[in-house]
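Read the structure below first, then the notes.
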Amino acid sequence: MKTINDFNFENKKALIRVDFNVPLNEKFEVTDDTRIQAAKPTIIKVLEDGGSAVLMSHLGRPKGVQDEFSLRHIVDKVADTVGVQVKYVDNCVGQKAEDAVAALNPGEVLLLENLRFHSNETDGDVAFAEQLSKLGDIYVNDAFGTAHRAHASTTIVAQFFPKHKCFGSLLAKEIDSIEKVLKSGEKPITAVLGGSKVSSKITIIENILDKVDHLIIGGGMTYTFIKAKGGQIGGSICEDDKQELALDILKKAAEKGVQIHLPVDVLGADAFDNNANTKVIDVDTIPDNWQGLDAGPETMKNFHDVILKSKTILWNGPLGVFEMENFAKGTIALGHSIAEATEKGAFSLVGGGDSVAAVKQFGFGNKVSYVSTGGGAMLESLEGKTLPGIAAIEE
1 MKTINDFNFE NKKALIRVDF NVPLNEKFEV TDDTRIQAAK PTIIKVLEDG
51 GSAVLMSHLG RPKGVQDEFS LRHIVDKVAD TVGVQVKYVD NCVGQKAEDA
101 VAALNPGEVL LLENLRFHSN ETDGDVAFAE QLSKLGDIYV NDAFGTAHRA
151 HASTTIVAQF FPKHKCFGSL LAKEIDSIEK VLKSGEKPIT AVLGGSKVSS
201 KITIIENILD KVDHLIIGGG MTYTFIKAKG GQIGGSICED DKQELALDIL
251 KKAAEKGVQI HLPVDVLGAD AFDNNANTKV IDVDTIPDNW QGLDAGPETM
301 KNFHDVILKS KTILWNGPLG VFEMENFAKG TIALGHSIAE ATEKGAFSLV
351 GGGDSVAAVK QFGFGNKVSY VSTGGGAMLE SLEGKTLPGI AAIEE
């Protein structure tokens with residue numbers, strides 16, 4: 001795996017694909033700079049070597065040129081975060097962009113305009129990728145969040161740098177973390193899969209059954225499994241057409257010697273409302289007008305015991321409707337368990353939008369080994385797919 005540490009950038013211009021698709025408020029201020037912070041080590045390495053950095057990214061899903069999606073809005077935030085002045089050019093290809101790059105001195109940073117102002121970017125257009133390739137001596141992909149897209153800047157451009165392409169430090173960490181779970185993780189390995197739907201996690205489950213020792217299933221997925229086993233789930237969320245699939249997963253897990261851990265009790269509610277009446281109910285005897293919205297106390301204890309015996313942990317998806325304060329206890333308890341196991345030496349990887357949101361919301365970001373920045377890319381990696389943005393560097 002070639003990374004930025006395999007190159008010296010002295011007097012070189014690094015064309016770096018970053019993921020600065022950051023949230024902005026109505027004043028066009030960045031409300032979460034996590035993705036900018038994540039790219040900082042790669043940018044700093046280039047500058048400290050005596051090179052210059054040409055940053056390219058997308059922002060949102062613009063239809064053509066739309067000012068609200070212009071990267072000029074984030075120039076100051078990037079400069080504050082990285083700690084150096086950042087220049088900006090209002091296009092990402094063409095003479096104007098080429099002139100701006102030509103004027104760049106060692107130690108300087110240039111941010112190009114939104115790649116997606118050109119439809120050629122998402123089309124994976126080769127001619128557009130070739131134009132981008134004129135803007136650097138070495139191509140660095142540090143955008144894990146878009147590595148599952150075969151776009152011009154994430155995949156196609158790499159072919160114009162046959163010997164001068166590498167992973168940035170963020171992307172290298174992402175690959176390494178996923179490999180620790182799927183290939184080289186110390187046993188016992190435990191995967192925690194939460195969220196609402198079995199259907200969205202089925203390919204992940206099928207891929208990881210050969211790799212894990214324990215599979216904890218929580219969140220809304222629980223009730224499809226419980227109903228399939230003959231339990232009463234009341235008005236809880238359920239994919240009726242996936243019950244056979246749930247039974248098949250349980251059968252396959254047993255054949256492979258994987259222990260599946262399902263909730264035994266839940267915090268039930270008489271309405272999908274933070275202020276609903278609640279009670280702890282056995283997971284398979286939920287009354288008709290009630291629904292399970294969080295893990296119960298016995299379940300939290302069981303999951304805690306499994307997590308503390310684990311040496312490698314993957315967490316993808318919450319255990320309840322954590323957006324509502326009264327149904328966040330299961331997810332918070334799981335976070336504490338994983339943090340404790342990590343402190344005792346386990347490797348823990350958190351990935352997927354909702355679990356990352358929960359980790360941030362409840363302050364577990366620095367208490368786990370790694371929090372993935374790429375939602376869709378992370379899930380596709382766990383499904384066993386080779387991501388085009390990664391393959392393009394490795395070719």
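Going by this note's numbering, the final residue of the sequence shown carries number 395, and the count climbs one at a time with no gaps. Every residue, glycine too, gets a C-beta built ideally from N, C-alpha and C.
Local conformation of residue i per DSSP, three classes
i      : result
Lys87  : strand
Asn316 : strand
Phe347 : strand
Asp80  : helix
Val368 : coil
Phe28  : coil
Asp210 : coil
Ala295 : strand
Gly268 : strand
Asp288 : coil
Asp67  : helix
Ala333 : helix
Ala53  : strand
Val192 : strand
Gly373 : Sequence check: residue 373 is Thr here, not Gly. Reduced to three states, the DSSP call for Thr373 is coil.
Cutoff 7 Å; reference residue i; Cβ partners in own chain excluding five residues on either side
i      : result
Val371 : Val350, Val356, Val359 and Gly365
Phe117 : Pro62, Gly64 and Val65
Thr331 : Pro318, Leu319, Gly320, Phe322 and Ala358
Lys301 : none
Val75  : Val86, Tyr88 and Leu111
Cα-Cα separation between residue i and residue j, rounded to whole angstroms
i      : j      : result
Glu10  : Ile249 : 53 Å
Pro318 : Ser381 : 19 Å
Met1   : Phe167 : 8 Å
Gln95  : Gln131 : 10 Å
Ala150 : Pro388 : 6 Å
Val30  : Leu24  : 5 Å
Lys173 : Glu394 : 15 Å
Val181 : Asp213 : 11 Å
Glu179 : Met378 : 11 Å
Lys367 : Lys201 : 25 Å
Gly235 : Asn326 : 18 Å
Ala39  : Ser310 : 31 Å
Asp354 : Ala339 : 17 Å
Thr146 : Ser184 : 25 Å
Thr224 : Glu244 : 9 Å
Val126 : Thr155 : 10 Å
Thr222 : Phe362 : 23 Å
Element boundaries [alpha helix (DSSP H), containing residue i]
i      : result
Met324 : First-last for Met324: undefined, no H or E at that position.
Thr42  : Thr34 to Asp49
Gly389 : Pro388 to Glu394
Ser184 : Note, Ser184: premise wrong, no alpha helix (DSSP H); not H, not E.
Asp123 : Ser119 to Asp123
Ala158 : That residue, Ala158, is in no alpha helix (DSSP H); it is neither H nor E in DSSP.
Ala127 : Val126 to Ser133
Own chain partners of residue i with C-beta closer than 6 Å, once the 5 adjacent residues on each side are dropped
i     : result
Asp90 : Glu113
Lys87 : Leu110
Thr34 : none
Enclosing beta strand (DSSP E) for residue i [first to last residue]
i      : result
Val140 : Ile138 to Asn141
Phe167 : Lys165 to Phe167
Val280 : Thr278 to Asp282
Cut-off 8 Å between Cβ atoms - residues of its own chain near residue i, not counting five sequence neighbours on either side
i      : result
Ala253 : Leu209, Leu215, Gln259 and Ile260
Gln85  : Ala79, Glu108 and Val109
Leu71  : Phe20, Ser57, Leu59, Tyr88, Leu111, Leu112, Glu113 and Asn114
Glu343 : Lys367
Leu247 : Ala228 and Lys229
Short CB-CB distance (under 7 Å) between residue i and chain C
i    : result
Asp6 : Of the chains in the structure shown, none is chain C; there is only one protein chain.
Does the segment 308-323 come close enough to the segment 188-195 that 3 or more CB-CB pairs lie under 8 Å? The segment 188-195 makes contact with the segment 308-323, as at least three CB pairs between them are under 8 Å.
Three or more C-beta pairs closer than 8 Å, one from the segment 281-291 and one from the segment 229-242: is that the case here? With the cut-off at 8 Å, the segment 281-291 and the segment 229-242 touch.
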